[in-house]
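Shown next, in structure tokens, is the structure this report addresses.
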Amino acid sequence: MEGIWGIVHADQTSPGTPEYGAARKWMAADVNAAVTGAFAAGATEVVVNDSHGSMRNIDPADLDSRATLITGTPKPLSMMQGIDPSFQACFLIGYHAKAGTKDAILDHTISGSVVRFVKVNGTELPELGLNALIAGYYGVPVVLLSGDTAVCRQAGEVLGQEVVTVAVKEAYGRTAAKLVPLSQAGQMIEAGAKEALSRLGRAKPFKMAAPYTFELGYHVSAQADMGAMLLPGIKRVDARTLSFTADDYIEGFRTLRALISLAPAR
Ligand SMILES: [Zn+2]
193 MEGIWGIVHA
203 DQTSPGTPEY
213 GAARKWMAAD
223 VNAAVTGAFA
233 AGATEVVVND
243 SHGSMRNIDP
253 ADLDSRATLI
263 TGTPKPLSMM
273 QGIDPSFQAC
283 FLIGYHAKAG
293 TKDAILDHTI
303 SGSVVRFVKV
313 NGTELPELGL
323 NALIAGYYGV
333 PVVLLSGDTA
343 VCRQAGEVLG
353 QEVVTVAVKE
363 AYGRTAAKLV
373 PLSQAGQMIE
383 AGAKEALSRL
393 GRAKPFKMAA
403 PYTFELGYHV
413 SAQADMGAML
423 LPGIKRVDAR
433 TLSFTADDYI
443 EGFRTLRALI
453 SLAPAR
């Protein structure tokens with residue numbers, strides 16, 4: 193949601209605030225533009241997985257009526273619920289840059305209050321990379337990403353330059369940005385979706401070689417304590433860092449989520 197057009201502050205992404213109602217409409221608009229582009233490019237089925245916070249941000253009645261919505265949380269594959277080998281492509285709409293990125297709207301990795309960084313096999317990854325590895329696990333390439341200019345840059349760095357990126361805003365810090373005009377944002381995402389599906393033949397699923405060594409850096413040492421004490425097979429790299437190795441990426445991803453869930457908020 194942090195990478196949706198118009199959004200620059202956590203008040204806009206949090207239910208119960210005066211601004212949230214408008215922001216969830218903007219979210220539906222960005223997603224619907226991608227759905228429109230996908231069907232125009234020949235897609236026969238589109239599944240949308242709401243992936244922010246409560247995962248109940250898109251009002252189901254606001255979604256393009258041709259698309260299927262997955263709503264609510266928790267879900268076994270979290271932000272990637274619903275994907276399987278029958279899909280030909282994955283779009284990541286409204287994404288944000290990893291924790292510690294300069295000039296990036298609401299930069300964080302999975303949990304802003306818990307996670308300082310996540311590395312897989314030595315490479316620090318943003319959520320887009322961690323999730324693209326789930327798509328890759330099922331043989332599905334990520335072909336489109338939208339968000340601010342910073343996350344679009346990271347998508348190219350992580351996934352390669354073949355991924356189509358659509359920047360709907362350019363950040364001046366963590367909570368301010370210059371937006372593209374509303375009349376253009378939807379057109380840009382729709383055009384990006386068409387372009388991405390036209391290149392499908394060249395798209396490769398994002399994969400890393402097994403086994404997968406995860407490294408999770410927390411903000412404070414108290415957040416590493418519970419995971420180190422309770423879960424088997426966890427190595428304490430230092431006061432604020434845990435690591436573990438998994439032969440199967442999905443198994444590793446589940447352990448990562450457990451370690452984050454066990455940590456007290458800062
Ligand atoms: Zn996030």
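The sequence shown runs 193 to 458 under our numbering. Glycine residues also receive a C-beta, built at the ideal position from the N, C-alpha and C atoms. The structure displayed is predicted, hence computed values, not measured ones.
Check the Cα spacing between residue 255 and each of 415, 362, 226, 424: the tightest is with 226. In this structure, ligand 1 has no non-hydrogen atom nearer than 7 Å to the beta-carbon of residue 411.
No alpha helix (DSSP H) of 4 residues or more sits fully in the region 274 to 323. Between the region 196 to 204 and the region 212 to 230 there are three or more C-beta pairs closer than 8 Å, enough to call the two in contact. At a cut-off of 4 residues, the continuous stretches assigned as alpha helix (DSSP H) that sit fully inside the region 211 to 240 are 212 to 232.
Set against 7 Å, the gap from the CB of residue 201 to the closest heavy atom of ligand 1 is not smaller. In this structure residue 269 touches residue 275 by the C-beta definition: roughly 7 Å separates them, less than 8 Å. Where residue 417 is concerned, the enclosing alpha helix (DSSP H) starts and stops at 413 to 422.
Taking C-beta atoms as the reference points, residue 310 and residue 436 fail to come closer than 8 Å. Counting C-beta pairs with one atom in each stretch, the region 377 to 393 and the region 335 to 347 have three or more that are closer than 8 Å, which means they touch. Between residue 343 and residue 288, the beta carbon gap of about 6 Å places them in contact (Cβ cut-off 8 Å). Measuring C-alpha to C-alpha distances from residue 202 to each of 263, 304, 259 identifies 304 as the nearest. Around the C-beta of residue 408, 16 or more other C-beta atoms lie within 10 Å, and the residue is accordingly described as buried. For residue 399, same chain residues with a beta-carbon under 6 Å away, outside a window of 5 residues either side, are 328 in chain order.
In this structure, DSSP gives residue 435 an extended state, which the three-state scheme calls strand.
Excluding its 5 nearest sequence neighbours in each direction, residue 382 has C-beta neighbours in its own chain below 6 Å: 225, 228, 229, listed in chain order. Counting other Cβ atoms within 10 Å of its Cβ, residue 318 reaches 16 or more and is therefore classed as buried. With fewer than three CB-CB distances shorter than 8 Å, the region 416 to 427 does not count as touching the region 367 to 376. The continuous stretches of alpha helix (DSSP H) do not include residue 250, and DSSP gives it neither H nor E. Put simply, the backbone Cα of residue 362 is about 20 Å away from that of residue 220. Residue 279 and residue 411 have their alpha carbons spaced roughly 37 Å apart.
Beta-bridge annotation (DSSP): residue 362 is paired with 370. Judged by DSSP secondary structure, residue 454 falls within the alpha helix (DSSP H) whose first and last residues are 441 to 454. Counting C-beta atoms within 10 angstroms of its own C-beta, residue 246 has fewer than 16 neighbours from the protein chains shown and is therefore classed as exposed.
A heavy atom of ligand 1 is found nearer than 7 Å to the CB of residue 319.
The beta carbon of residue 261 is closer than 6 Å to those of 240, 252, 255 in its chain, skipping five residues each way along the sequence.
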